[in-house]
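Shown next, in structure tokens, is the structure this report addresses.
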Amino acid sequence: MDGISDRKRVFVVATTSKPNAIDTAMRRPGRFDKEISLGSLSLPEREAILQAMGRELGTDVTHLVTDTSGFVLGDMMVMLRDALTSAAESSTAVPSKDDLRRSLACTRSQLSRRLEFAVELSPNLSWNRLGGVEAIKKKLQMAIEGPLLHPEHYSRLALTRPRGVLLIGPPGCGKTSLALAAAQSCPGSTLFSIGAANIYSPFVGDSEKVIASVFNQARLRQPSIVFLDDIDTLCGKRSGENSASKDRVLSTLLCEIDGISGGLIQAHHQDKGEHANVMVLATSCHPEAVDDALMRPGRLDLVIYVPLPDFNGRVDMLRAILSKLATRDVEPTSL
């Protein structure tokens, strides 16, 4: 590439789905010095595509605009193809709502399998399945559902939204289940989950690349949630007792969280300087082991304590469990 710099009519264009795997020497000025990030489609773009699809099909499909949040153009085409295939198998010319609903679910499932660290949530995991957590549920709904599903309201009213939520409490009190239920309650969002087992590698620099890759995918597939289970095992406090690899992981994590909270996204449909619609959700049984830098405003700035359930909480939990079982004449308070 350095040899063609004096040839004005030669231009090099390249594509990649893994920008972090490209050697930094290729991204220097005079080589690939212009980068364009093609992320997920914005709501107006999805609406325009669905309107065009509806004209071709002879039916209105714009009601899927919210459910297709996080899709790229290829995902929209796959969804349409699957819906048409289902309609053809039923000997109908126009896909029904059931055909569209099945193709949407199939496309989102394929998306989760295709994206590394993306998690496909079970539809059985919902707020209704959890008992005794009403107060915590309301806090999580306000902190996560509102900003992710309605970011335009926060922008219009200039409201400050939390960028990260940390759930703390003793082991076994339901922190992970609460986090997953909160993610499940945000239709159209993509959940990325990473832990110490996924991160650490015997090769220097691999851990940092994994974190950067996950956050890059989250930005491209927004609205999205990055879930860090047991964050204290992922990166503890910076001290002489910590290994150098954990310090590097912590530094990378701080930079990536700052990138979604303070940095402006330069994606193709976000050239107005919007912030990334990405939320960081973490859990810890040992909050004293979490580095103070992670707790600063703009990072994990909302901490929610999940206590062991009291009597009423245990009764609510038992009611939720018994509602799924074929039991009769069982009073939760007696248990």
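Read in UniProt numbering, the sequence shown has 162 at position 162, and its numbers run on one by one without any break.
Ideal Cβ positions, reconstructed from N, Cα and C, are used throughout, including at glycine.
Remember, predicted model here, so these are calculated numbers, not experimental data.
Hey, how far is the Cα of residue i from the Cα of residue j?
i	j	result
residue 395	glutamine 51	Since the displayed the chain opens at 1 and closes at 335, residue 395 lies outside it and no answer follows.
valine 226	valine 280	5 Å
serine 103	asparagine 312	42 Å
arginine 163	isoleucine 260	8 Å
lysine 8	serine 37	25 Å
glycine 39	alanine 289	35 Å
asparagine 277	aspartate 316	34 Å
serine 86	glutamine 222	29 Å
phenylalanine 11	serine 201	38 Å
glutamine 266	methionine 142	Caution applies to glutamine 266, whose pLDDT of 40 falls short of 50 and renders its modelled position unreliable; the value that the coordinates give is listed next. Looking at the two C-alpha atoms, the distance is approximately 27 Å.
histidine 153	serine 91	44 Å
isoleucine 136	glutamate 256	27 Å
arginine 314	threonine 176	18 Å
histidine 63	arginine 101	11 Å
Using CA atoms only, rank isn't needed, just tell me which of the options is closest to residue i.
i	options	result
methionine 77	Lys237, Leu294, Ala14 and Arg108	Arg108
alanine 212	Phe11, Ala21 and Leu318	Ala21
leucine 191	Leu220, Asp292 and Leu308	Leu220
valine 13	Arg31, Ala25 and Asp258	Arg31
alanine 197	Phe117, Gln217, Lys139 and Glu134	Phe117
valine 94	Met26, Ser69, Ile49 and Arg55	Arg55
proline 170	Pro309, Pro19 and Leu43	Pro309
leucine 322	Arg129, Leu140, Pro297 and Ser251	Arg129
glutamate 35	Pro151, His150 and Thr16	Thr16
arginine 161	Asp301, Phe215 and Ser245	Asp301
glycine 195	Ala282, Val133 and Ala179	Ala282
Look at residue i and residue j and say whether their C-beta atoms are less than 7 Å apart.
i	j	result
isoleucine 199	serine 193	no
aspartate 247	serine 284	no
aspartate 291	lysine 209	no
leucine 115	glutamine 184	no
glycine 131	arginine 319	yes
valine 65	glutamate 47	yes
proline 287	isoleucine 144	no
methionine 53	leucine 84	no
leucine 254	alanine 218	no
Since residue i and residue j should fall inside the 8 Å C-beta cutoff, what is the C-beta to C-beta distance between them, to a whole number of angstroms?
i	j	result
serine 224	alanine 181	The pair is not a contact, with the Cβ atoms about 17 Å apart (cut-off 8 Å).
valine 249	leucine 228	About 11 Å; that fails the 8 Å criterion.
cysteine 186	leucine 148	5 Å
valine 303	leucine 166	5 Å
isoleucine 82	glycine 188	First, the amino acid is wrong: residue 82 is aspartate here, not isoleucine. In fact, because the Cβ distance is near 18 Å, the residues do not count as touching under 8 Å.
valine 306	glycine 174	6 Å
With residue i as the anchor, note down where its alpha helix (DSSP H) starts and where it stops.
i	result
alanine 182	175 to 184
leucine 57	43 to 57
glycine 164	Segment 164 to 168 is the beta strand (DSSP E) holding glycine 164; no alpha helix (DSSP H) there.
valine 214	206 to 220
leucine 140	134 to 140
Please list the terminal residues of the continuous beta strand (DSSP E) segment that includes residue i.
i	result
leucine 302	302 to 305
phenylalanine 117	Premise fails: phenylalanine 117 is in no beta strand (DSSP E) and is neither H nor E.
threonine 160	Segment: none, threonine 160 is in no beta strand (DSSP E) and carries neither H nor E.
alanine 282	278 to 284
serine 193	190 to 194
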